[in-house]
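Letter by letter, the sequence shown follows residues 79 to 362 in our numbering.
All C-beta atoms, glycine included, are put in the ideal place defined by N, C-alpha and C.
Only one structure is covered here, and it is reproduced in the block below.
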Amino acid sequence: MSPKVDTLPTADRHPEAHPRAGYVEEVALALNWGAILLFVLFLLGIIAAAWPVRLINPLWLQTVSDKLLASGPIAMVGALLLLLARLIDPDSRPIGRRVALLRPLSFWIAFGFLLLIPLQIYSGINLLRQFRANDTRELNAYIATTRAIERARTYDDILKAMRLLPGQAPALPATLNVPLDVVKTKLSNDLNPFIKRYQNSADAMGMKRLNDWFVQLARNVIAALLLFFSFAAIGKRFAYQPTLLRSVLSGRLLSTFSSRRHQAAPELATAMQMMMPEDNGPPR
Numbered sequence: 079m080s081p082k083v084d085t086l087p088t089a090d091r092h093p094e095a096h097p098r099a100g101y102v103e104e105v106a107l108a109l110n111w112g113a114i115l116l117f118v119l120f121l122l123g124i125i126a127a128a129w130p131v132r133l134i135n136p137l138w139l140q141t142v143s144d145k146l147l148a149s150g151p152i153a154m155v156g157a158l159l160l161l162l163a164r165l166i167d168p169d170s171r172p173i174g175r176r177v178a179l180l181r182p183l184s185f186w187i188a189f190g191f192l193l194l195i196p197l198q199i200y201s202g203i204n205l206l207r208q209f210r211a212n213d214t215r216e217l218n219a220y221i222a223t224t225r226a227i228e229r230a231r232t233y234d235d236i237l238k239a240m241r242l243l244p245g246q247a248p249a250l251p252a253t254l255n256v257p258l259d260v261v262k263t264k265l266s267n268d269l270n271p272f273i274k275r276y277q278n279s280a281d282a283m284g285m286k287r288l289n290d291w292f293v294q295l296a297r298n299v300i301a302a303l304l305l306f307f308s309f310a311a312i313g314k315r316f317a318y319q320p321t322l323l324r325s326v327l328s329g330r331l332l333s334t335f336s337s338r339r340h341q342a343a344p345e346l347a348t349a350m351q352m353m354m355p356e357d358n359g360p361p362r
């Protein structure tokens with residue numbers, strides 16, 4: 079009869095003989111929970127920034143994408159901690175399962191950060207258009223008020239015209255003992271310089287917004303590319319495949335798409351031949 083084999087790990091059979099094994103497991107476990115903490119903080123920050131959901135609102139898109147780019151390094155550090163825990167304790171099954179889940183998630187997260195670049199451009203351009211439209215709307219309201227005052231025939235018409243001003247209109251007395259032309263001239267002289275200053279201020283603010291957006295866009299594009307390459311260095315769609323970064327650097331990703339495109343042509347030709355009637359030769 080063969081002796082019974084002890085299936086317990088060496089560290090469990092003689093923990094006093096291998097104190098370093100227990101220490102390694104503790105460090106790996108601490109890194110594992112540190113990674114989970116960072117992932118949870120990342121998700122909570124994104125949920126807080128994305129709630130309430132407004133998918134067609136460019137300001138919401140800009141806010142969420144900015145939060146993703148700002149919080150991306152937190153998730154990246156969490157992924158590195160999990161990989162380090164796997165390296166320290168390769169026999170841990172829970173850590174192994176989390177790393178196996180991390181690989182495909184990182185594959186798609188990398189593409190997600192890459193897609194943030196056109197999303198930033200789309201939301202930024204729409205925000206600039208909205209700001210410009212608001213400035214134009216207020217400027218047109220001041221111009222409409224000035225023209226309505228110039229066309230006024232009674233003091234009541236002037237009161238109605240002042241209500242066209244954006245925001246709270248200045249309070250005017252209910253009646254005046256001053257001639258109407260004097261009131262119209264006084265109001266026009268007050269509004270015309272203000273309209274000119276407002277137009278110059280709106281143009282200057284529009285240029286400042288455009289310059290600030292270009293600087294922010296350049297910073298966000300660099301951050302998105304760095305996060306893409308970082309997660310691409312971890313992510314792989316299937317376990318037997320190389321990482322996404324290796325596929326990109328070696329050109330395998332592009333060659334895969336090109337080979338599929340070239341394969342479509344003979345398959346299409348074969349299908350067309352099957353649909354055509356058979357040629358049995360010329361009639362006799």
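How would you call residue i, buried or exposed, if buried means at least 16 neighbouring beta carbons within 10 angstroms?
i: GLN341; result: The predicted model places GLN341 with a pLDDT of 47, which falls under 50 and marks its position as unreliable; any figure quoted below should be read in that light. Exposed, because fewer than 16 other Cβ atoms sit within 10 Å of the Cβ of GLN341.
i: LYS274; result: exposed
i: PHE306; result: buried
i: PRO110; result: Sequence inspection shows Asn at residue 110; the Pro mentioned does not correspond to that position. With 16 or more other Cβ atoms within 10 Å, it is buried.
i: ILE300; result: exposed
i: GLY100; result: exposed
i: THR232; result: exposed
i: ASN267; result: exposed
i: LEU193; result: exposed
i: SER368; result: As displayed, the chain neither begins before 79 nor continues past 362, which places residue 368 out of reach and without an answer.
i: ALA282; result: exposed
i: ALA108; result: exposed
i: ALA296; result: exposed
i: ILE125; result: exposed
i: LEU122; result: exposed
i: ILE166; result: buried
i: ARG339; result: Reliability fails at ARG339, whose pLDDT of 49 lies under 50, so the model's placement of it is uncertain and the value that follows must be treated cautiously. Its Cβ having fewer than 16 others within 10 Å, ARG339 is exposed.
So, under 8 Å CB-CB, residue i and residue j are touching, yes? Tell me the CB distance rounded to an integer number of Å.
i: LEU217; j: ALA280; result: 6 Å
i: ALA302; j: ILE195; result: 5 Å
i: ARG176; j: LEU160; result: 6 Å
i: ILE221; j: LYS262; result: No, ILE221 and LYS262 are not in contact; Cβ-Cβ is about 16 Å, not under 8 Å.
i: THR223; j: MET240; result: 7 Å
i: PRO244; j: ALA211; result: Their Cβ separation, rounded to whole angstroms, is 13 Å, which puts PRO244 and ALA211 out of contact at 8 Å.
i: ALA106; j: SER170; result: 6 Å
Can you list, in chain order, the residues of its chain whose CB lies under 7 Å from that of residue i, leaving out five sequence neighbours each side?
i: ALA127; result: THR141, VAL142 and LYS145
i: TRP138; result: ARG132
i: ALA188; result: PHE306, PHE309, ALA310, GLY313 and LEU322
i: ARG287; result: LEU206 and PHE209
i: ASP152; result: Looking at the sequence provided, one finds Ile at residue 152 rather than Asp. Here the set comprises LEU116, LEU119 and PHE120.
i: LEU162; result: LEU109
Excluding the 5 residues preceding and the 5 following residue i in the sequence, name in chain order all residues of the same chain whose CB lies nearer than 8 Å to its CB.
i: GLY174; result: ARG164 and PRO168
i: GLY156; result: GLY112, ALA113, ILE114, LEU115, LEU116, PHE117 and PHE120
i: SER201; result: PRO136, LEU137, LEU139, GLN140 and SER143
i: LEU147; result: PHE191, LEU194, ASN298, ALA301, ALA302 and LEU305
i: ASP213; result: ALA280, MET283 and GLY284
i: TYR276; result: GLU216, LEU217 and TYR220
i: LEU242; result: ALA219, ALA222, THR223 and ALA226
i: ASN270; result: THR224
What residues in its chain sit with their C-beta under 6 Å from that of residue i, if we drop five residues either side in the sequence?
i: ARG215; result: none
i: MET154; result: SER308
i: LEU265; result: ILE227
If you measure from the beta carbon of residue i to each beta carbon in chain B, is any gap under 8 Å?
i: SER149; result: Given the protein chain composition of this structure (a single chain), no chain B is represented.
Open item on the list: If contact is defined by three or more beta carbon pairs under 8 Å, each pair taking one atom from either stretch, is the segment 286–303 in contact with the segment 202–212?
Closed with: Counting Cβ pairs under 8 Å, three or more are found: they touch.
Task: Contact between the segment 309–320 and the segment 183–192 (3+ Cβ pairs under 8 Å) - done: In this structure the segment 309–320 lies against the segment 183–192, because at least three pairs of beta carbons, one per stretch, are closer than 8 Å.
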